[in-house]
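Novice: The structure that follows is given in the form of structure tokens.
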Ligand code: NOJ
Ligand code: CA
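Given below as structure tokens:
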């Protein structure tokens, strides 16, 4: 009840929202969807969300203090990037204990409190499971490295060199240099796809599998609703350790480009995903994948042939598309034709913020609203990235000595690292954007004075209120929740239009992805909605609030129009 009240409030605030047709007591009945299909996910980089104790680093109690905000925004589940004990070489993606919380983020008791409060706010917790590697400070690796006959020697990948001072093969670490680290104590190399401080686990060892599946159950029993699986592609390596083919040119770290054919995307990955899924199914939990794929066919594989692997492999190709109606239309058609449940993402902690990436340098706010309208009204589950809802921008370091992310130091200046997209959440226009009373771990861009939660809440035209309106609508509108995707006006080079149709209901979404005014006409008789009558649900364009027909709509540059059409 509380939740619905908050959403209705959001509706009132959202400009352009006309007669939303909602009933507080009524949530649309689901056509058999799982909870994660109707949910909106939100990624939190815990170092940067909210600092409760003034040490300049965000923490679990900070997140707990913002649950009201997240609830009012319309978030149903938060994915928290790794908050486990870690030497922080890769800011938590180097875990030294999977079953605890790093002191800088709080305690297990804080986690339990957050989980309980989350439940009260209707917000589930998703943790980040770093499955490919541990920290070199994890007791498993410390034992493994202690001698060549250690009990856990075979938990990691150890090999002799090809010859003196020559690693076992030519594989390159994604973070620079050889993927093999020499260990003088035991006269062997160990393998690390990422930093040397992130040794790869040997998933061919059943004990590793058991231990990691045990970790998953341990958190599920604590109330976690699922995991985002980190770097799943890198779980297995060719047992014969064959060299990879090299490609022309060098990468940003100055290493030869390489086709990672023998150390990524091996078929064995799918057996692990199936096993993890069996564990998850016992707890009605969801598995989200960090799945970087070249095309839809590759993405399809992560769902499992029988839908028995990841429920939510992320469509990260979406983040690589150019802001253009035909480009998105074509991509969405491919995903939709795959017959799987799409998982759309426009940003995360590893890529430049969506505001900058899709923006044209002049209309970035408008484009941010277009992108929000697009991925929050498509058929599928969206995963937001904190701060995108207020138009947060990259704040990239300009001097090497300021860089915190190690890949930015080793690769400078071609690779500047990921600090820019990880800066503290901008809560208000007071010192440090209200993120901390101390010194923030990363500098906050001056734009926080205008792009911040408190100010945007007051502005009916803000990006934040646009997001709130969209999220409220997608939770209440049955066609948006359940409807099929039907592309319209497929030859239009500027305006992306589609219908979300569910039984007798349909929502029309129209997005002008161009900087010039556009006129569009719709005849929806083939789709069974030929009356042409429309009722506006949400629009960025005040003159369209009272539109009554879809026969012709005149759109301002970058305008979004969402309306309910009738038969
Ligand atoms: C993907 C994570 O998103 C990234 O931040 C991390 O550096 C690598 N995996 C290694 O764990
Ligand atoms: Ca803190």
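Residue numbers (the working numbering): 30 to 596.
Glycine included, C-beta positions come from ideal geometry on N, C-alpha and C.
Using 10 angstroms around the beta-carbon of residue 443, count the other beta-carbons present and answer buried if the total reaches 16, otherwise exposed.
Specialist: The residue you call residue 443 lines up with position 414 of the chain shown. Exposed: under 16 other Cβ atoms inside 10 Å.
Novice: When you measure from the CB of residue 260 to every non-hydrogen atom of ligand 1, does any distance come out below 6 Å?
Specialist: Locating residue 260 in the chain shown gives position 231, where the first residue counts as 1. The answer is yes for residue 260.
Novice: Provide the residue(s) that pair with residue 541 in DSSP beta bridges, ordered along the chain.
Specialist: Translated into the one-based positions of the chain shown, residue 541 becomes position 512. 524.
Novice: Any chance you could list the residues with Cβ under 5 Å from a heavy atom of ligand 2, keeping chain order?
Specialist: 80, 82, 84, 86 and 88
Novice: In angstroms, rounded to a whole number, what distance separates the CA positions of residue 46 and residue 592?
Specialist: Walking along the chain shown from the start, residue 46 turns up at place 17. Walking along the chain shown from the start, residue 592 turns up at place 563. Because the pLDDT of residue 46 is 41, which lies under 50, any placement of that residue in the model is unreliable, and the question is left without a value.
Novice: With distances taken Cα to Cα, identify the nearest neighbour of residue 92 among 103, 107 and 85.
Specialist: Start at 1 with the first residue of the chain shown, and residue 92 comes out as number 63. Out of 103, 107 and 85, 107 has the C-alpha closest to the C-alpha of residue 92.
Novice: Quick one: what does DSSP say residue 158 is sitting in, helix, strand or coil?
Specialist: Position 129 of the chain shown, counting from 1, holds the residue named residue 158. The answer is strand: DSSP assigns residue 158 an E or B state.
Novice: Applying the criterion that 16 or more other CB atoms from any shown protein chain within 10 Å of the CB defines a buried residue, is residue 631 buried or exposed?
Specialist: It is not possible to answer for residue 631, since the shown part of the chain is limited to 30 through 596.
Novice: Where does residue 104 fall in DSSP's three states?
Specialist: Walking along the chain shown from the start, residue 104 turns up at place 75. Correct three-state label for residue 104: coil.
Novice: Can you grab the Cα-Cα spacing for the pair residue 478 / residue 488, in whole Å?
Specialist: As a first step, residue 478 must be located in the chain shown, where it is residue number 449. As a first step, residue 488 must be located in the chain shown, where it is residue number 459. If I take the Cα positions, the gap works out to 14 Å.
Novice: Tell me whether residue 609 counts as near ligand 1, meaning its Cβ is closer than 6 Å to at least one heavy atom of that ligand.
Specialist: One cannot answer for residue 609 here, as it falls past the ends of the chain, which runs 30 to 596.
Novice: Can the beta-carbon of residue 259 be found less than 7 Å from the beta-carbon of residue 159?
Specialist: Sequence index remark: in the chain shown, residue 259 carries index 230 (1-based). Sequence index remark: in the chain shown, residue 159 carries index 130 (1-based). The answer is yes: Cβ separation under 7 Å.
Novice: Count the CB pairs spanning the stretch 130-142 and the stretch 181-199 that are closer than 8 Å, and state whether there are at least three.
Specialist: no
Novice: Are the stretch 249-259 and the stretch 144-154 touching by the rule of at least three beta carbon pairs closer than 8 Å?
Specialist: Yes, they touch.
Novice: On a Cα-Cα basis, can you pick out the residue from 124, 188, 179 and 279 that is closest to residue 440?
Specialist: Numbered from its first residue, the chain shown carries residue 440 at position 411. The shortest Cα separation from residue 440 among 124, 188, 179 and 279 belongs to 279.
Novice: Measuring CA to CA, which of 387, 596 and 367 is closest to residue 324?
Specialist: To locate residue 324, count along the chain shown from 1; it is residue 295. Ranking the options by Cα distance to residue 324, first place goes to 367.
Novice: Between which two residues does the beta strand (DSSP E) harbouring residue 516 extend?
Specialist: For the purposes of this step, residue 516 is identified with residue 487 of the chain shown, where counting begins at 1. Note, residue 516: beta strand (DSSP E), 513-517.
Novice: Find out if the Cβ-Cβ distance for the pair residue 376, residue 414 is shorter than 7 Å.
Specialist: Taking the chain shown and counting its residues from 1, one reaches residue 376 at position 347. Taking the chain shown and counting its residues from 1, one reaches residue 414 at position 385. Yes, Cβ-Cβ distance for residue 376 and residue 414 is below 7 Å.
Novice: Run through DSSP, which three-state label would residue 58 get?
Specialist: On the chain shown, position 29 is the one that residue 58 refers to. At residue 58, the pLDDT of 49 sits below 50, so the modelled position is not reliable; the number obtained from the coordinates is stated separately. DSSP places residue 58 in coil when its eight states are reduced to three.
Novice: For residue 271, which beta-bridge partners are listed by DSSP?
Specialist: Stepping through the chain shown from its first residue, residue 271 is reached at position 242. None; residue 271 has no bridge partner.
Novice: On a Cα-Cα basis, can you pick out the residue from 282, 262 and 225 that is closest to residue 291?
Specialist: The residue you call residue 291 lines up with position 262 of the chain shown. When only C-alpha atoms are compared, the closest one is 262.
Novice: Given this structure, state the Cα-to-Cα distance separating residue 576 from residue 561, to the nearest angstrom.
Specialist: Sequence index remark: in the chain shown, residue 576 carries index 547 (1-based). Sequence index remark: in the chain shown, residue 561 carries index 532 (1-based). So the two alpha carbons sit approximately 11 Å from each other.
Novice: So what does DSSP say about residue 98, is it helix, strand or coil?
Specialist: If you number the chain shown from 1, residue 98 lands on position 69. DSSP places residue 98 in helix when its eight states are reduced to three.
Novice: Go ahead and pull the three-state DSSP assignment for residue 588.
Specialist: What you label residue 588 is simply residue 559 of the chain shown in a count that begins at 1. In this structure, residue 588 counts as coil in the three-state DSSP scheme.
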